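Novice: Below: one structure in structure tokens.
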Amino acid sequence: MSTNPTGPEEHHTIAPRRVSFDWHETPLHWIPDEPTATHVINVLHLLLPAGERWFVKVFKEALPLVRDPALLKDVKGFMGQEATHSVQHAYVLEHLAHQGLDTAPYTKHVDFLFERLLGEQPPFAAPVPTQEWLRFRLSLIAAIEQFTAVLGNWVLHAEGLDRAGPDPVMLDLLRWHGAEEVEHRAVAFDMYEHTGGEGLPRYARRALGMAVTAPVLLYLWAWGAAYLIRHDPQLAGRLRYSLREHNRAVRAQLLPTWRELGAAVPRYLKRSYHPSQEGSLRKAVAYLASSPAARAAAGAVGRAAIS
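Shown next as structure tokens:
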């Protein structure tokens, strides 16, 4: 299923991996002297625990609709990976709390978004048919995964981050997660295309999913970055989130460019589009094979097996 439709490609198995991250030595500003870049990226930790739990819930609802055995296998692997991502980013939130940065006042709104507004039933008793509500939420996930694939590809190539001397554990988390996003970049799209109906209505709903997702993500990200900077105990109110500082970090290659992010939208809206165009599966798998967190977890399992 999750292959390039323009040519033959050997099917790649998608499965969750064990990882082990030790956060004890990770500083609050894990990119040295770059609080804005640090916290813009830290918004991932605010959004992903609830967001990726929601992915899994919605896909569970849709599993009975899947008639393709290969897609079903991919979807189950995707669900396992997303569940692992949710847990690992939640651990980062705990670490931030231990460092005096309480994220609960922000994440309660994220929880409300995914659990209530985008839950199993339409909000406010809206008269939306059950099948249509499920298809709409699947279209949102496909659109979100477009951005996670773009971000995953970016972080795997982000030489500016390497030059900045970031905390190695946080960089490994981001690259491990980013590599898995590239690895499963087509699954949510394939799931939507498989279950989202036929013809123009299916495409229109896909476009609607992106039309909703792009501005909401931008708003949540700006709000999250502003929240983290405003409540950072080390900054003590001396800094506010600003486009000036954000763009300075972009020029330093610590953040993706607006063009990289914005170009993902028209690319996705092409009728012929398929996410297998995003990133390099070979590079993603190579990083996953060398990730310190994955190797540490594998070593721990091996030691347990022989003890």
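In terms of our numbering, the sequence shown opens at residue 526 and continues consecutively.
For each residue, glycine too, the CB sits at the ideal point set by N, CA and C.
Source: prediction; values computed, not measured.
Does E803 come out as helix, strand or coil in the three-state DSSP assignment?
Specialist: Three-state DSSP puts E803 in coil, outside helix and strand.
Novice: Quick check on V591: does DSSP put it in helix, strand or coil?
Specialist: It is coil, neither helix nor strand.
Novice: Among residues of its own chain, excluding the 5 on either side of F714, which ones have a beta-carbon nearer than 6 Å to its beta-carbon?
Specialist: Hits under 6 Å: A667 and P800.
Novice: For my contact list, L618 and H564 are in at a C-beta cut-off of 8 Å; report their separation, rounded to the angstrom.
Specialist: That pair is no contact at about 13 Å.
Novice: Note down the Cα distance separating Y798 from Y728, rounded to an integer number of angstroms.
Specialist: If you take the alpha carbons of Y798 and Y728, they lie about 11 Å apart.
Novice: If you compare alpha carbons, which of W658, G625 and G724 is closest to E645?
Specialist: The shortest C-alpha separation from E645 is found at W658.
Novice: How big is the Cα-Cα spacing for P541 and A821?
Specialist: Approximately 15 Å between the Cα atoms of the pair.
Novice: Mind checking whether L590 and V600 have CB atoms under 8 Å apart?
Specialist: Taking 8 Å as the Cβ cut-off, L590 and V600 do not qualify as a contacting pair.
Novice: Does DSSP put V653 in a helix, in a strand, or in coil?
Specialist: Coil, per DSSP.
Novice: Are the beta-carbon atoms of F546 and Q606 separated by less than 8 Å?
Specialist: No; because the gap between Cβ atoms is not below 8 Å, this pair is not in contact.
Novice: Rounded to a whole number of angstroms, what is the C-alpha to C-alpha distance between A829 and V544?
Specialist: With a pLDDT of 41 at A829, under the threshold of 50, the modelled position of that residue is not reliable, and the figure given next carries that caveat. Answer to the nearest angstrom: the Cα atoms are 15 Å apart.
Novice: In angstroms, rounded to a whole number, what distance separates the CA positions of L786 and F672?
Specialist: Approximately 7 Å, taken between the alpha carbons.
Novice: Can you look up R543 in the DSSP assignment and give me helix, strand or coil?
Specialist: Coil.
Novice: Return the residue from the list G703, K795 and A750 that minimises the CA-CA distance to L725.
Specialist: Taking only the C-alpha atoms, the option nearest L725 is K795.
Novice: Between Y766 and T561, how many whole angstroms is the CB-CB distance? I'm expecting something under 8 Å.
Specialist: Contact holds; Cβ gap of about 7 Å.
Novice: Between which two residues does the alpha helix (DSSP H) harbouring L768 extend?
Specialist: It spans L768 to R776 - the alpha helix (DSSP H) in which L768 sits, taken as one unbroken run.
Novice: Look at the alpha carbon of S815 and the alpha carbon of G685, and state the distance between them as a whole number of angstroms.
Specialist: Distance between the alpha carbons of S815 and G685 is about 20 Å.
Novice: For the alpha helix (DSSP H) containing R730, name the first residue and the last one.
Specialist: Where R730 is concerned, the enclosing alpha helix (DSSP H) stretches over G724 to H756.
Novice: From which residue to which residue does the alpha helix (DSSP H) around K795 run?
Specialist: Unbroken run through K795: none, as it is neither H nor E.
Novice: For a quick check, are the C-beta atoms of A704 and Y793 less than 8 Å apart?
Specialist: Their beta carbons are not under 8 Å apart, which means A704 does not touch Y793 by this criterion.
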